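K.L.:
Residue numbers (full-length UniProt numbering): 1 to 595.
So this is what it looks like as structure tokens:
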């Protein structure tokens, strides 16, 4: 490894990369001119609620498995070891709870969030920057190509195109990562040799049961704190919720969570194995130490092209894998933002809008958000370590949103004032800790001791799959106190800490302002958790042309109603829909509001 590896793309690599973009655009064009041809908002935004379990599951996986994770996980394991692998312990509860708590509610209530607009520009810029730094591939050419292709198939094909493109891109991601592991391990002498070198290099971590929340990675921070992170991702994230609602039945939506579980374990294992293969190839003498790359963000791609330098086409396959991760995340954000804007901000104020106009406007919104994404990519270019910036945004906002949803779903005495104040408190706490941690880490960069006695890559601009806090090392250091202790909180506890802040503050404020008029029926929590609802499939929530959500009453309830009662209920629903969309639950009404 004494000489700089000459990094370049062959013609075959360019062809494979181009085929990814062409295939993705082709799927969008196919769904633009097939089926109902995306003529209704129901088809464009919700895939006509006709998707089966498997494509929904792979789409859920692809949306989470962005380019950030593909670049970040191997770099994390290469630098810190396999402790990160214990994150897999959080996946079961992190997917089981959304399947049986959140999905049944979202099948009737369409709750939304819109922070993806900040995140998607960073996801678009990150792989393009890494590719440019390592190969000289034109940076803004890659950004524009990916952004325009993604905008094209999202704006033309709607959610069906997004989901089926995600399926295709998931296969590409798996193939790319698997190819790197197989070829890299073979060149290192086999997986047994890779594992031996990892053990000798102290990269195989044991079970760390240290309960200290300031430790960066322990079983508790990953296994317990990770559950809250998974809930924020799979429980209340708009892109994921929209996929649940595109399923044909509630049962298939729930099954999609169960299918994602083993797939997530495979994805995590592939990322960690890539990190170990990297360590087997470079050891402690990393390309970052030698100055071949400037940040850990770029080291994975350098490693891939180094491994495949004598195998034309495989480097292009991995770059296609990398950009597939970005495309799946960005397209999900486009469609989600168009849905939120249309259903929560436009339809309530224009209830008489025709279906054709609403559909055209939805397509226009998806196109507009694509252009906004390109602008956000330019802003991301000014942010330094883009991958860390991406998950910093998610880590500081996902937790408070999870807390807000939990406050409204499980605490029927919570009121609007409590919800708003709780969310504000959670966001304030999140940004205070997040920014404070970042500033303190930057000020301590020069004095950070190494992980082992031999040199490691530089830690500034270090990227993991999520926002990092103070770097844990084997060298003893003073225990932080006061505000420094708060800033030293492990990033894996961010979601739990911030969501708890929202719930606690929201409940206290609600109790202090309990004379505020109720918006949510006091029996909401009872109905959400009741045995009757948990054992009976929900009817799919549907929307009429005015944007009002409604669903059919259970047949048992209908038998008990008189004709006059039903007529009166319909009149009241019509009156309510003019003001604010609502969804009839069994024996009560829950108002829908935009966040």
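We put the beta carbon where it would ideally sit given N, CA and C, even for glycine. Since the model is a prediction, treat every value here as computed from it, not as a measurement.
(1) When burial is assigned at 16 or more other CB atoms within 10 Å of the CB, is residue 69 buried or exposed?
(2) Using the rule of at least 16 other Cβ atoms within 10 Å of the residue's Cβ for burial, across every protein chain shown, is residue 363 buried or exposed?
(3) Quick check on the DSSP output: the alpha helix (DSSP H) that includes residue 150 runs from which residue to which?
(4) Measuring CA to CA, which of 132, 205 and 244 is closest to residue 61?
(5) Where do the N-terminal and C-terminal ends of the alpha helix (DSSP H) with residue 200 fall, by residue?
(6) Measuring CB to CB, does residue 321 end up less than 9 Å from residue 99?
(7) Which residues mark the beginning and the end of the alpha helix (DSSP H) in which residue 98 is found?
(8) If I follow the unbroken alpha helix (DSSP H) through residue 272, where does it start and stop?
(9) Across the region 144-152 and the region 348-360, are there enough close Cβ pairs to call them in contact, namely three or more that are closer than 8 Å?
(10) Out of 180, 401, 41 and 94, which one is the CA nearest neighbour of residue 316?
(11) Could you give the C-beta distance for residue 423 and residue 499, rounded to a whole number, given that I count them as a contact under 8 Å?
(12) Taking its Cβ as the centre, do 16 or more other Cβ atoms sit within 10 Å of residue 348, making it buried, or is it exposed?
(13) What's the gap between the Cα of residue 308 and the Cα of residue 293?
(14) Could you tell me the distance, in whole angstroms, from the CA atom of residue 228 to the CA atom of residue 365?
(15) Does the region 86-105 touch the region 278-295, meaning 3 or more C-beta pairs lie closer than 8 Å?
(16) Can you pull the DSSP bridge partners for residue 247?
(17) Please list, in chain order, all residues of the same chain as residue 509 whose beta carbon is under 7 Å from its beta carbon, the five residues on each side excluded.
(18) When you compare only the Cα positions, how much space is there between residue 596 and residue 501?
(19) With C-beta atoms as the reference, is residue 226 less than 9 Å away from residue 87?
(20) What residue range does the alpha helix (DSSP H) around residue 32 cover?
(21) Is residue 371 near the ligand GDP, in the sense that its beta carbon is under 8 Å from a heavy atom of that ligand?
(22) Please confirm whether residue 214 and residue 485 have their CB atoms less than 9 Å apart.
(23) Output the boundary residues of the alpha helix (DSSP H) element that contains residue 313.
(24) If you follow the alpha helix (DSSP H) that residue 352 is in, where does it begin and where does it stop?
(25) Is residue 59 closer than 9 Å to residue 252 when the C-beta atoms are compared?
(26) Is the separation between the beta-carbon of residue 336 and that of residue 46 shorter than 9 Å?
(27) Under 8 Å by Cβ, that's how I've got residue 279 and residue 197 pegged, so tell me the actual separation to the nearest angstrom.
(28) Sort 63, 341, 249 and 32 by Cα distance to residue 104 and report the nearest one.
(29) Please determine, among 399, 17, 432 and 30, the residue with the shortest C-alpha to C-alpha distance to residue 164.
(30) In terms of residue numbering, what span does the alpha helix (DSSP H) encompassing residue 287 cover?
(31) Alpha carbon to alpha carbon, how far is residue 189 from residue 19? Give it in angstroms, no decimals.
(32) Would you report the Cα separation of residue 160 and residue 323, rounded to the nearest angstrom?
(33) How would you write the range of the alpha helix (DSSP H) that residue 234 sits in, first residue to last?
(34) Can you say whether residue 199 is buried or exposed, counting buried as having 16 or more other CB atoms within 10 angstroms of its CB?
P.N.:
Reading from the atomic positions:
(1) buried
(2) buried
(3) 139-188
(4) 244
(5) 191-200
(6) no
(7) Looking at the DSSP string, residue 98 is not in any alpha helix (DSSP H), and its letter there is neither H nor E.
(8) 250-282
(9) no
(10) 180
(11) The Cβ separation is near 10 Å, so there is no contact.
(12) buried
(13) 17 Å
(14) 32 Å
(15) no
(16) 51
(17) 417, 418, 421 and 422
(18) This structure cannot settle anything about residue 596, because the visible part of the chain is limited to 1 through 595.
(19) yes
(20) 11-32
(21) This structure does not include the ligand GDP; it has no bound ligands of any sort.
(22) yes
(23) Per DSSP, residue 313 belongs to no alpha helix (DSSP H) and is neither H nor E.
(24) Segment: none, residue 352 is in no alpha helix (DSSP H) and carries neither H nor E.
(25) no
(26) no
(27) 7 Å
(28) 249
(29) 30
(30) 287-290
(31) 33 Å
(32) 20 Å
(33) 225-234
(34) exposed
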